[in-house]
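*Asks:*
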Amino acid sequence: MSSPLTLDALRILDAIDRRKSFAAAAEELYRVPSAISYTINKLEEDLGVKLFDRSRRKAELTAVGRLVLEQGRQILTASEELAVLARQAATGWEAELRICVDSAIGFDTVYSLIGAFQEFQPRTEVRLIEEVLAGSWDALNAQRCDLVIGAAGEPPGQGFSTLPLGALEFEFAVAMDHPLTQMPQPLSMELIRQYPTVVVADSSRYLPARSSGLLDGRNRIVVDSIQRKIDVQARGLGVGYLPLNLMQKELHNGTLQIMQLAESRPAQPICAAWHSSNRGKGLAWFIMQLRGMRFDARTGLISDQASE
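For what it's worth, UniProt numbering labels the leading residue of the sequence shown as 1, then goes sequentially.
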């Protein structure tokens, strides 16, 4: 059974409330007053309620009428937004663009990219997702995101396009007042194992979880992001490798100190990745911006022009 609350009826109800009379609403909607009156009378009859108090000179909504109007305006707004999204999709712009960022690369430059994109295409909703280790590839592989920034390692299968960005550098770091700072360097693994290791849990749901420079300590403190790992290590609760680009502030203010180990950890190449079949214009915009950028081991994702 169809509802008497059509979009046309809601538009008429809205116009009457704003213009305060049936005649003024008819003028705004390019209708004759009798058509406006008929629509409202029919709506009241079908709903079995009174929407207007007709004992007054101006058209005043009843409490029920006000409720119908308030909810109806939400429906009108939603219908207008849906129409815009439909036209937008027809032109190739996504209604929603999901961007996954690896926890190790930082977000500052990504925020700037999103800000520029919002000015260029404000109708596309951007959903930002943070993943760790294999979680980035897992999110792309499982269609939870459209673009990954900072994925490490090889794609989990076919059908992906990649854009090399640079390489992450990790350093073993401890709090400035940690006992290890008093020990001769390079530190031995036997010595390191005496202290808790701080590790970030892999956020992958389906792909095999990955380890990244884990140390075989006696016990571990597990956190959910690189930033939490930095916080925990800066407080002296544990030790471990940290991405050089994300601990510059702590190194500068002296809350963290880099220690040398007998064996250094190799740099980790990272890339941006997306499904090759994705032809969305929003995705293409971000890829174009990323082509003009590179990842600097100390400062993070920067424009190529910044190094000139």
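Virtual Cβ for every residue (Gly too), placed ideally from N, Cα, C.
1. List the DSSP bridge partners of Glu70.
2. Taking the C-alpha atoms as reference points, what is the distance between Gln118 and Thr197?
3. Quick one: residues in its chain with C-beta nearer than 7 Å to the C-beta of Ala9, no 5 flanking neighbours on either side, listed in chain order?
4. Beta-carbon separation of Leu165 and Leu7 under 8 Å?
5. If you drop the 5 nearest sequence neighbours on each side, which residues of the same chain put their C-beta closer than 6 Å to that of Thr124?
6. Bridge partners of His275, per DSSP?
7. In three-state DSSP terms, what is Val32?
8. For Tyr38, which of helix, strand or coil comes out of DSSP?
9. Tell me which same chain residues have a C-beta within less than 7 Å of the C-beta of Phe22, skipping the five on either side of it?
10. Just the Cα atoms here: how many angstroms apart are Ser204 and Asn141?
11. Report the partner residues of Cys100 according to the DSSP bridge assignment.
12. Roughly how many whole angstroms lie between the Cα atoms of residue 326 and Ile75?
13. Distance, Cα to Cα, Arg11 vs Val64?
14. Strictly by DSSP, which residues pair up with Leu187?
*Replies:* The short version:
1. Taking the first residue of the sequence shown as position 1, residue 70 is located at position 70. Answer by DSSP bridge pairing: none, since Glu70 is not bridged.
2. Position 118 of the sequence shown, counted from the first residue, corresponds to residue 118. Position 197 of the sequence shown, counted from the first residue, corresponds to residue 197. Each residue's alpha carbon lies about 41 Å from the other.
3. Here residue 9 refers to the residue found at position 9 when the sequence shown is read from its first residue. Here the set comprises Thr39, Leu43.
4. Walking along the sequence shown from the start, residue 165 turns up at place 165. Walking along the sequence shown from the start, residue 7 turns up at place 7. For Leu165 and Leu7, no; Cβs fall outside 8 Å.
5. As a working note, residue 124 is residue 124 in the sequence shown. Result list for Thr124: Trp93, Glu94, Leu97, Gly282, in chain order.
6. Taking the first residue of the sequence shown as 1, we reach residue 275 at position 275. BP columns for His275 point to Phe160.
7. Position 32 of the sequence shown, counting from 1, holds the residue named residue 32. In the structure shown, Val32 sits in coil (DSSP, three-state: anything other than H, G, I, E or B).
8. On the sequence shown, residue 38 is found 38 positions in, with the first residue counted as 1. Helix, per DSSP.
9. Position 22 of the sequence shown, counted from the start, is the residue given in the question as residue 22. Correct list, in chain order: Ile16, Pro33, Ile36, Ser37, Ala59.
10. On the sequence shown, position 204 is the one that residue 204 refers to. On the sequence shown, position 141 is the one that residue 141 refers to. Cα to Cα, the separation comes out at about 10 Å.
11. By 1-based counting over the sequence shown, the position of residue 100 is 100. DSSP output for Cys100 lists Ile129, Val148 as bridge partner(s).
12. Look at the range of the chain in this structure, 1 to 308, and you will see that residue 326 is not part of it.
13. Walking along the sequence shown from the start, residue 11 turns up at place 11. Walking along the sequence shown from the start, residue 64 turns up at place 64. Arg11 and Val64: Cα-Cα distance of roughly 17 Å.
14. Start at 1 with the first residue of the sequence shown, and residue 187 comes out as number 187. DSSP output for Leu187 lists Leu261 as bridge partner(s).
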